[in-house]
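Right, one structure below, let's go through it.
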Amino acid sequence: MRNLLTALKWLINFLIFSVLISIIINLGELSKYVLTKFDLLQYSGEENSWILMLLIPLLTILLQGYIFWLLLKFRKVIPDFKTDTIFTENNSAIFRKVGNGLIIYSVLIFFIRLIEKSFEISSEYGVSASYTLGKNFGTVLGGRISLLVIAIFLLIIARLIKEGYQLKNENDLTI
Amino acid sequence: MSIVVNLNTVLAERNLKSKELAEMIGITEANLSILKSGKAKAIRFSTLEAICKALDCQPADILAYEKE
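Given below as structure tokens:
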């Protein structure tokens with residue numbers, strides 16, 4: 002159990018680090034666009050819509066910041082697991098928050114990626130717009146399903162911890 | 237809760253202190269205090285039996301039901 006928890010801790014640390022790197026990359030892209038707009042930087046790349054260049058990265062950064070905050074919160078649960086103080090109201094609240102947060106994140110990022118995909122120029126010729134939309138919808142949804150499943154599992158665990166806390170409380174108050 | 241614990245009354249009748257009863261029945265004073273204050277959620281039959289044995293009384297002498 003201890004080894005598993007240590008592995009989980011390192012995985013979460015790795016995730017936090019990767020989200021942080023991703024935020025920095027997106028911030029770099031965003032600043033490049035802003036600096037180009039104010040003629041402070043010469044950028045030779047292709048000119049895209051402001052939605053693709055400004056709005057999407059900005060929303061992605063905000064969502065990644067939200068995930069970063071959720072991961073930091075989730076990280077606090079692990080020491081409690083190590084000291085066998087799992088069944089607390091606080092842990093249940095953290096699991097519920099992270100579960101709900103992941104659902105919000107996956108729904109929002111789904112729409113963001115869908116908008117982003119709709120700006121991509123398709124290499125397939127002679128296909129209808131509805132086909133492209135359907136294909137994009139399927140591709141983007143496929144990437145979010147696993148996150149939704151994890152979120153629902155976290156909400157179930159939150160419920161279990163809450164029930165466990167109530168049982169523990171009752172057991173402690175049985176003389 | 238509508239179940240009240242009259243342990244204080246029985247203890248006073250027997251001129252016993254909580255500490256002494258706790259030692260007699262083998263539970264901690266803290267747990268006995270929880271029981272006396274009515275914060276306990278449940279009582280084990282074994283504990284009830286030990287209390288009744290130590291105080292020479294019936295469960296009804298210790299526990300009573302009061303309408304809320």
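Quick mapping for you: the protein sequence lines, in order, are chains A and B. Just so we're aligned, residue 2 is where the first sequence starts under this note's numbering, counting upward by one. Just so we're aligned, residue 237 is where the second sequence starts under this note's numbering, counting upward by one. Note that the Cβ used here is the ideal one computed from N, Cα and C, for glycine as well.
- Taken in chain order, the members of the segment 274-296 of chain B whose beta-carbon sits within less than 8 angstroms of a beta-carbon on chain A are K275, A276, K277, A278, I279, R280, T283.
- Contact note: B/L271 reaches chain A through I176, using a C-beta cutoff of 7 angstroms and chain order.
- In the DSSP assignment, B/L243 falls within the unbroken alpha helix (DSSP H) covering 243-249.
- Closest in C-alpha terms to A/L28, from the list A/N170, A/T61, A/G144, A/F39, comes A/T61.
- Contact annotation: the segment 253-270 of chain B does not touch the segment 150-167 of chain A, with fewer than three C-beta pairs closer than 8 angstroms.
- Shown here, A/I151 sits in a helix according to DSSP, grouped into three states.
- Residue pairing of B/A278 in beta bridges, as defined by DSSP: A/T175.
- 9 angstroms or more divides the Cβ of B/A258 from the Cβ of A/T175.
- Collapsing the DSSP output to three states places A/L41 in coil.
- A direct Cα-to-Cα measurement between B/T283 and B/M260 gives close to 11 angstroms.
- Against chain A, the beta carbon of B/N267 has neighbours under 7 angstroms at I176, listed in chain order.
- The C-alpha of A/D85 lies about 13 angstroms from the C-alpha of A/G165.
- When 8 angstroms is used as the limit between beta carbons, A/E164 is near no residue of chain B, the shortest such separation being about 15 angstroms.
- When the beta-carbon positions are compared, A/E90 and A/K163 come within less than 9 angstroms of each other.
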